[in-house]
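Numbering (full-length UniProt numbering), first residue to last: 1 to 435.
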């Protein structure tokens with residue numbers, strides 16, 4: 001009797017699988033990521049009156065009848081259990097099938113056959129498993145520097161009213177429910193509220209999470225959970241991200257992120273350690289894209305304004321993506337930003353560059369002028385002093401001569417009366433003789 005029932009079930013299942021006429025058959029599809037969990041629903045409340053049989057690419061993988069289930073079914077069909085070992089769960093109440101930790105080899109057609117005394121129905125569900133690029137480990141990890149902004153990329157686009165939750169080391173830090181989102185505003189987020197206050201940003205389209213101005217206390221495990229349902233298919237997705245924030249001293253951080261040079265010198269903005277040279281690295285100056293590099297492919301100054309400002313003065317290191325500005329000018333002063341996209345992470349790093357005018361020539365000229373002025377002043381002072389001394393000496397000489405002349409005149413005047421008296425005496429004597 002059991003063999004007859006098995007034969008009839010097998011025939012009916014084949015009948016549904018090959019889409020024979022007169023049989024109702026629906027088609028649905030879903031696209032998921034590797035390591036997600038996917039639940040394929042039956043749409044019934046109880047299996048007491050149904051036999052539920054599941055097929056993968058027309059091979060029987062599970063059956064439930066009443067309270068009895070088989071994974072895989074070894075009565076109806078004999079299959080190998082290695083593909084879905086310990087990764088399938090059957091709901092005894094509804095017959096729904098859940099595939100956990102799904103892989104790209106699980107992509108294909110899943111057929112659901114419902115049988116009861118009144119007949120049966122079948123549904124074809126097409127499941128596509130996308131392979132997401134993983135960085136470093138299966139969980140995805142990244143090492144960043146304090147002060148960076150880090151975006152945890154989900155690789156999905158959604159417009160559905162799904163339940164999305166973000167956790168940090170087990171604490172809920174952000175939630176999106178339908179069109180509403182909040183980051184650390186309810187009781188569940190209370191423990192993480194102070195840590196991330198005003199530093200979290202959620203993207204409604206991609207549900208990616210950005211942590212701004214990251215600190216070393218933000219190192220840890222971040223987990224994303226997505227619950228969604230479309231039609232008879234519900235999915236539960238999990239993403240794990242490991243973030244390591246390297247702790248460097250404030251002096252070291254300033255040395256890396258703050259550069260001060262003189263006009264005409266070269267300055268290099270370093271990206272730090274790059275594990276994957278094929279990461280996309282984009283450089284911005286005051287929000288204008290000036291350079292980008294991916295592996296051996298690079299572009300510099302595709303913008304007219306950039307070309308005018310940095311003509312032939314930008315150099316990119318193809319190994320690290322570091323940017324060098326040669327023959328700097330004062331107009332190169334400003335904020336430079338580096339955006340690194342690597343697999344499941346996007347890192348933003350800021351740099352400040354200050355270019356001061358080279359005043360060496362001006363200082364030399366000023367010094368020369370000052371020296372000339374000092375020397376001139378000294379010479380003038382010397383000349384004046386010399387002239388003054390000469391004048392004083394001349395005056396003294398004149399005064400001395402005047403004194404001598406005055407003495408001589410006085411002597412002459414003193415001798416003149418005596419001579420006159422003598423002459424008078426001689427005249428008088430002569431007169432007497434004549435007489």
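Even glycine gets a Cβ: it sits at the ideal position worked out from N, Cα and C.
The region 236-253 makes no contact with the region 293-310: fewer than 3 CB pairs, one atom from each, lie closer than 8 Å. By alpha-carbon distance to residue 269, the top candidate from 336, 238 and 312 is 336.
Proximity of the region 106-118 to the region 49-56 meets the contact definition, three or more beta-carbon pairs being nearer than 8 Å.
In this structure, the CA atom of residue 340 is about 7 Å from the CA atom of residue 279. Unbroken beta strand (DSSP E) runs of no fewer than 3 residues, entirely contained in the UniProt domain "Immunoglobulin" (256-356), are found at 258-262, 267-269, 280-285, 288-294, 297-300, 314-316, 323-325, 334-342 and 345-356, following chain order. Residue 220 and residue 303 have their C-alpha atoms spaced approximately 39 Å apart. The shortest CA-to-CA distance from residue 218 to any of 286, 148, 84 and 238 is the one to 148.
Taking all protein chains in view, the Cβ of residue 110 is crowded by 16 or more other Cβ atoms within 10 Å, so the residue is classified as buried. In this model, residue 240 and residue 34 are separated by some 12 Å (Cα to Cα). Note on geometry: alpha-carbon atoms of residue 156 and residue 28 lie some 20 Å from one another.
Relative to residue 314, the option among 327, 93 and 305 whose CA is nearest is 327. Shown here for residue 163: same chain residues with a beta carbon closer than 6 Å to its own, the five before and five after excluded, namely 177 and 227 in chain order.
DSSP lists 166 as the beta-bridge partner residues of residue 174. Residue 202 has its alpha-carbon roughly 11 Å from the corresponding atom of residue 154. At a Cβ-Cβ threshold of 8 Å, residue 41 and residue 233 count as neighbours.
Note: residue 230 is bridge-paired with 233 in the DSSP secondary-structure output.
Annotation: the continuous beta strand (DSSP E) that includes residue 201 extends over 200-202.
In the displayed model, residue 369 falls within a helix according to three-state DSSP. Bounds of the beta strand (DSSP E) holding residue 90 are 88-90. The beta carbon of residue 169 sits closer than 7 Å to those of 220 and 221, all from its chain and outside the five residues before and after it, given in chain order. Rounded to the nearest angstrom, the Cβ distance from residue 88 to residue 62 is 6 Å, consistent with a contact under 8 Å. With a 10 Å radius around the Cβ and a threshold of 16 neighbouring Cβ atoms, residue 312 comes out exposed. Pairing residue 274 with residue 243, the inter-Cα distance amounts to about 15 Å. The three-state secondary structure of residue 146, taken from DSSP, is coil. Residues 242 of the same chain have their beta carbon placed closer than 6 Å to that of residue 141, with the five preceding and five following residues left out of the count.
If you draw a straight line from the Cα of residue 259 to the Cα of residue 205, it comes to about 37 Å.
Contact annotation: residue 98 and residue 146 have beta-carbon atoms that are not nearer than 8 Å. Counting the other Cβ atoms within 10 Å of the Cβ of residue 235 gives 16 or more, which makes it buried. For residue 51, the enclosing beta strand (DSSP E) covers residues 51-56.
By the neighbour-count criterion, in which 16 or more other beta carbons inside 10 Å mark a residue as buried, residue 172 falls on the buried side. Annotated three-state conformation of residue 252 is helix, per DSSP. Residue 37 is bridged by DSSP to 236. Within its own chain, the residues whose Cβ lies closer than 7 Å to the Cβ of residue 265, once the five positions on either side in sequence are excluded, are 328, listed in chain order. Residue pairing of residue 125 in beta bridges, as defined by DSSP: 28 and 110. From the listed residues 347, 348, 354 and 238, the smallest Cα separation to residue 325 is found for 354.
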